[in-house]
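Novice:
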Amino acid sequence: MNFELKSVSLAQAAEWEVDALLVLCADEVLAASRHAQDPVSVWVQSAIAAKDLEEGTGKLLQAYGLPGVTARRLVFARAGDGSAAQSRKAMLAAMASLKGAKVKSLGVYAGSLGVASVNALVQAVAEGSYAYTATKSVPQPRLIRRVDLGVTDAGVVRSGFELGCATVRGTELAKEWANRPANHATPKLLAEAAQQLAKKPHLSCEVLGPSEVEKLGMGAFLAVAQGSDQPLRFIVLKYQGASKSVAPVVLVGKGITFDTGGISIKPAAEMDEMKFDMGGAASVLGTFAALAECRPALNVVGLIPSCENMPSGRAVKPGDVVTSMSGQTIEVLNTDAEGRLILCDALTYAQRFEPRALVDIATLTGACVIALGGVRAGLFSNQDELAQQLQEAGNAALDLCWRLPLDDDYAEGLKSNFADMGNVGGRQAGVVTAAKFLQKFVQPEQAWAHLDIAGVAWKSGAAKGATGRPVGLLLQYLVDEAARIAAELPARVETTAKPVKAVKAKAGRAAKAPKAAKKG
Ligand code: BES
Ligand code: MN
Ligand code: ZN
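The following block contains the structure:
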């Protein structure tokens, strides 16, 4: 699907040769356009006069073959106050009204909606037309090939448009891999996908297998992987958008391609959904795909520990004590608390990059689903500044999270008589004890955050499928971080990196950013 941004009037958009034209309009603009003479405005105003257009964001008016409009199908959608959130709601409603319609080319008219709304619209078009095809015998891919987005002044909203396009690229890759069943998304296949992705400029990838991981001493990761016939993979992705001297942001994604629970086996109901337990890994892959497209001036490392969690004669057993890469020993009291076991070794490994920020993303606990549901991801951080930056990035990207506490008292339950710690606390505050476990593997002075995406990475029920979250949050955070890095640079050093919001810098450009002082 290709997006194009154009400066046009509504009268001009009405002449676009597209199969369907969607017109979004904020209430205020609607009220002010009472006397406009273009065919769409006249039609909408006549409906308002006849009280045929309801009040409310996402309310629609539809027409077929309206005189003066070239597109066969015309959909008008009320965008409320014109904010990104309401524009998104309106766009999703408009896209839903096109379900089943054979639309190959789509026109969207957004008028004077702002940068954030344009970003949200691009993403909503993609979300509303997504189709999973990988394991269908007769694939029915999305029909829309081309989307023309018309606005009053393209220059004003271009940065939002480009960030939206990059986010779509990343979100769709994340969805693709998270949706694939576990027999079509093994650790090996996931690593191959990362290597394929790394062919893009500015990206590189290294993949470690069982023997290398053993040499590194990742005893906790190995313990989870040992019950499966599928060999583990440890994926190291790199994006270089700034000078090598700029400390990277390191992202760590949980890559359990299937979580049976191991010997502490899960009940059968809905166990299929544990194919989504690599949602954190998928979001890291997706974020790298997006980075390759929008090329912000910073460095990012992505780490993905990936394996299956299976019961078998070789599987780790409750009570087994394993030695993590950090040297700390862990009593595996519940083999279903496996995510923290693979992440703790990846967090130890991550610190060799001396990250300016270290962020892990994981479908870590059922307790997080109970606490926050599918609306906000759980956010934990040992640093207020980083927590705020991530929360604000989530707000801007409409990919929300909410900070939860890390008081040391929550770690009480992790005490063990036979190892330095157990891998589970009690029944209470399971989302927090999981975060406290991870924190034991992060140096106190290392800025670290943990996103528990168990509730937001996929939807259950009739709409079962991956959401691609939190690619939007992560990309927004990284683009913002690049802007902060640029602001840190000494003023007299001429920067060749484009201002970060102006994404889609020319190839190679961003890579020539001058040296920046390391943070901290
Ligand atoms: N992958 C699950 C977490 C999960 C469960 C995500 C349900 C989404 C929906 C994780 O590995 C897990 O099993 N966690 C356990 C931890 C417990 C044993 C302390 C859980 O949440 O039940
Ligand atoms: Mn588990
Ligand atoms: Zn899991």
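Mind the numbering: the sequence shown is residues 535 to 1054 in my numbering, read in order. Cβ atoms here follow ideal geometry from the backbone N, Cα and C, with glycine treated the same way.
Let me confirm a value: I904 is counted as buried when at least 16 other C-beta atoms fall within 10 Å, else exposed. Which label applies?
Specialist: Translated into positions along the sequence shown, residue 904 becomes position 370. Exposed, because fewer than 16 other Cβ atoms sit within 10 Å of the Cβ of I904.
Novice: Take every Cβ of the stretch 767 to 786, pair it with every Cβ of the stretch 829 to 839, and state whether three or more of those distances are shorter than 8 Å.
Specialist: Flag = yes, the stretch 767 to 786 and the stretch 829 to 839 touch.
Novice: Per DSSP, what are the beta-bridge partners of G634 in this structure?
Specialist: Residue 634 sits at position 100 when you count from the first residue of the sequence shown. For G634, which the question treats as bridged, DSSP gives no partner whatsoever.
Novice: If contact is defined by three or more beta carbon pairs under 8 Å, each pair taking one atom from either stretch, is the stretch 957 to 973 in contact with the stretch 898 to 916?
Specialist: As far as the Cβ criterion goes, the stretch 898 to 916 touches the stretch 957 to 973, which means the pair count is three or higher.
Novice: So, helix, strand or coil for W550, using DSSP?
Specialist: The residue you call residue 550 lines up with position 16 of the sequence shown. In the structure shown, W550 sits in coil (DSSP, three-state: anything other than H, G, I, E or B).
Novice: When the Cα atoms are used, what is the spatial distance from L677 to K638?
Specialist: One-based indexing of the sequence shown puts residue 677 at position 143. One-based indexing of the sequence shown puts residue 638 at position 104. Near 5 Å, if we compare the C-alpha coordinates of K638 and L677.
Novice: Within its chain, find whatever has a CB closer than 6 Å to the CB of A1051; leave out the 5 residues flanking it on each side and keep chain order.
Specialist: Position 517 of the sequence shown, counted from the first residue, corresponds to residue 1051. Low confidence applies to A1051: its pLDDT is 42, below 50, so where it sits in the model is not reliable, and the reading given next is rough at best. Cβ neighbours of A1051 beyond the five flanking positions: none.
Novice: Considering only DSSP beta bridges, list what D894 is partnered with.
Specialist: Numbered from its first residue, the sequence shown carries residue 894 at position 360. Beta-bridge pairing links D894 to V786, H984.
Novice: Would you kindly work out how many angstroms separate the C-alpha atoms of G960 and G912, rounded to a whole number?
Specialist: Residue mapping note: residue 960 aligns to position 426 of the sequence shown, counting from 1. Residue mapping note: residue 912 aligns to position 378 of the sequence shown, counting from 1. If I take the Cα positions, the gap works out to 19 Å.
Novice: Whose CA, out of N929, N868, F610, lies closest to the CA of K800?
Specialist: The residue labelled residue 800 in the question sits at position 266 within the sequence shown. The shortest C-alpha separation from K800 is found at N868.
Novice: Pull up the distance between the alpha-carbon of G928 and that of T705, whole angstroms please.
Specialist: Taking the sequence shown and counting its residues from 1, the one referred to as residue 928 is at position 394. Taking the sequence shown and counting its residues from 1, the one referred to as residue 705 is at position 171. Computed Cα separation, rounded: 14 Å.
Novice: Pair every Cβ in the stretch 681 to 701 with every Cβ in the stretch 723 to 735, then say whether three or more of these pairs are closer than 8 Å.
Specialist: No, the stretch 681 to 701 does not touch the stretch 723 to 735.
Novice: Rounded to the nearest angstrom, what separates L640 and L556 at their Cα positions?
Specialist: Locating residue 640 in the sequence shown gives position 106, counting from the first residue. Locating residue 556 in the sequence shown gives position 22, counting from the first residue. Cα to Cα, L640 sits roughly 8 Å from L556.
Novice: Say yes only if the C-beta of N916 is nearer than 6 Å to one or more non-hydrogen atoms of the ligand BES, and no if none qualify.
Specialist: Here residue 916 is taken as the residue at index 382 of the sequence shown, counted from 1. It does not: the Cβ of N916 is nowhere closer than 6 Å to a heavy atom of the ligand BES.
Novice: Starting from the C-beta of P1056, find all residues in its chain whose C-beta is less than 6 Å away, skip the five residues before and the five after it, and write them out in chain order.
Specialist: The chain is shown from 535 up to 1054; residue 1056 falls before or after that span and cannot be answered.
Novice: Which complete beta strand (DSSP E) runs does the stretch 635 to 673 hold, if anything under 3 residues is left out?
Specialist: Entirely contained in the stretch 635 to 673, the beta strand (DSSP E) runs reaching 3 residues are, in chain order, 639 to 645.
Novice: Please confirm whether G698 and V656 have their CB atoms less than 7 Å apart.
Specialist: The residue given as residue 698 occupies position 164 in the sequence shown. The residue given as residue 656 occupies position 122 in the sequence shown. Yes, they are a contact pair.
Novice: Considering only heavy atoms of the ligand ZN and the C-beta of each residue, which residues fall inside 5 Å, strictly closer?
Specialist: That gives I790, D793, D811, G873.
Novice: Taking just the CA atoms, how far does W982 sit from Q917?
Specialist: In the sequence shown, the residue the question calls residue 917 occupies position 383. In the sequence shown, the residue the question calls residue 982 occupies position 448. For Q917 and W982, the distance between alpha carbons rounds to 7 Å.
Novice: Closest to F610 by C-alpha separation, out of V652, C559, A618, A871, would be which residue?
Specialist: The residue given as residue 610 occupies position 76 in the sequence shown. Nearest C-alpha to F610: C559.
Novice: Indicate, with yes or no, if the ligand BES has a heavy atom lying under 6 Å from the CB of D871.
Specialist: The residue given as residue 871 occupies position 337 in the sequence shown. Going by the sequence as given, residue 871 is Ala instead of Asp. Yes, Cβ of A871 sits closer than 6 Å to a heavy atom of the ligand BES.
Novice: I'd like the list of long-range same chain contacts for V747, defined as Cβ closer than 7 Å, with 5 residues on each side in sequence excluded.
Specialist: Mapped onto the sequence shown, residue 747 falls at position 213. Cβ neighbours of V747 beyond the five flanking positions: F755, L756, L766, F768.
Novice: Measure from the alpha carbon of F792 to the alpha carbon of each residue in E842, D561, S915, Q977, then state which is nearest.
Specialist: One-based indexing of the sequence shown puts residue 792 at position 258. Cα-wise, what sits closest to F792 is E842.
Novice: Thinking C-alpha only, which one of A880, S994, A823 is nearest M859?
Specialist: Residue 859 sits at position 325 when you count from the first residue of the sequence shown. Closest by alpha carbon: A880.
Novice: What does W936 pair with, by DSSP beta-bridge criteria?
Specialist: Counting from one through the sequence shown, the residue named residue 936 turns up at place 402. DSSP lists G912 as partners of W936.
Novice: Between the Cα of V786 and the Cα atoms of I1019, L819, L707, Q760, which residue gives the shortest distance?
Specialist: As a first step, residue 786 must be located in the sequence shown, where it is residue number 252. Closest by alpha carbon: L819.
Novice: Taking the straight line between their C-alpha atoms, what separation do you get for Y643 and R1003?
Specialist: Walking along the sequence shown from the start, residue 643 turns up at place 109. Walking along the sequence shown from the start, residue 1003 turns up at place 469. Answer to the nearest angstrom: the Cα atoms are 26 Å apart.
Novice: Tell me whether N713 counts as near the ligand BES, meaning its Cβ is closer than 6 Å to at least one heavy atom of that ligand.
Specialist: The residue you call residue 713 lines up with position 179 of the sequence shown. No, the beta carbon of N713 sits no closer than 6 Å to any heavy atom of the ligand BES.
Novice: Should V909 be listed as close to the ligand BES, given that the test is whether its C-beta is under 6 Å from any heavy atom?
Specialist: Sequence index remark: in the sequence shown, residue 909 carries index 375 (1-based). No; taking the cut-off as 6 Å, the Cβ of V909 has no heavy atom of the ligand BES nearer than that.
Novice: So is the beta-carbon of A754 under 6 Å away from any non-hydrogen atom of the ligand BES?
Specialist: In the sequence shown, counting from the first residue as 1, residue 754 sits at position 220. No, the Cβ of A754 stays beyond 6 Å of every heavy atom of the ligand BES.
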